[in-house]
Each structure stands twice: as C-alpha cells, then as structure tokens.
Amino acid sequence: MSVIKNIVTEKCPKCHQGQVFEKKGNILLFQMPKMNTHCSHCGHKFEKEPGYFFGSMFVSYAVAVAEMVAFFLIIQFFVDSFVTIVVLIGLLSICLSTFNFRMSRMLWMYLLDGKNKQL
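Residue numbers (this note's numbering): 340 to 458.
In structure tokens form, the structure reads like this:
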C-alpha cells in the first residue's frame, strides 16, 4: 500500500522521500508539469536516457481510457444526449491531462526503476 501512496504523492522510486515533480502544472493556465532531474534526497537520476519516458505515453493512454470509460458509465444515467456525453468526456480528458502526464511517468518509473531494481 505504501507504493501506491508514494506514486500518488510523487515520491522518488528509490528513497521514497524526494519529490519527482518540481511543478505540478495547470492545464487552465497552460502550464505543463516540470520534473526535477535528480532526487533532492538521494540524488537518483529520474530520466536515465533520452526517450526513457516514451513508454509512459502508452500508460497515459491506458489511464485516460480507463477514466473515460468510468466517467461514461457514471454519466450515462444523468445525461440523455450522446453528443453531450462525448463533449463532457472530451472536457474531462483535457482537465485531467496534467494529472495523467504525472501519473503515467510515476507508474513508468516505479515499474522500471523501483526500490530494488538495478538499471
């Protein structure tokens, strides 16, 4: 359970104390999240090589689809128009884009570079 807590609170995959993201970003202010290059506590380098986070795009896609399906299953009982549902799903995906960006990178790092992993 502590691993899930560390992913959600965006802690370093090695020491579980340093912050991974310097800024969380805000889609309404057109700001993207900004990652630290190294952990402030243990000095662990987050991006091992150029293109290290390429696979996190697929994780982001899976997370976004899961959010959209869950939202559709809930909203279909309250809204009758299919077009309205599609628009609401589009707005949801835009509003959660920075969250998905951060969570997909965190999941990718913990998957490939967890506490006991050696790269």
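Glycine included, each C-beta is placed from N, C-alpha and C at the ideal position.
Quick one: Cα of G357 to Cα of F417, how far? 42 Å
Cβ contact check for the stretch 439-448 and the stretch 388-406: 3 or more pairs under 8 Å: yes
DSSP state of S420, grouped into three classes? It is coil, neither helix nor strand.
Relative to the C-alpha of M396, which candidate in H380, Y449, C354, N439 has its C-alpha closest? N439
Output the boundary residues of the beta strand (DSSP E) element that contains F397. Per DSSP, F397 belongs to no beta strand (DSSP E); it is in the alpha helix (DSSP H), 395-414.
Could you say which of V359, S432, H377, K353 lies nearest to A401 if we only look at CA atoms? S432
Along the chain, where does the beta strand (DSSP E) containing F360 start, and where does it finish? Run containing F360: 360-362, per the beta strand (DSSP E) assignment.
Which residues in the same chain as E361 place their Cβ atom closer than 6 Å to its Cβ, once the five residues preceding and following it in sequence are excluded? K373, N375
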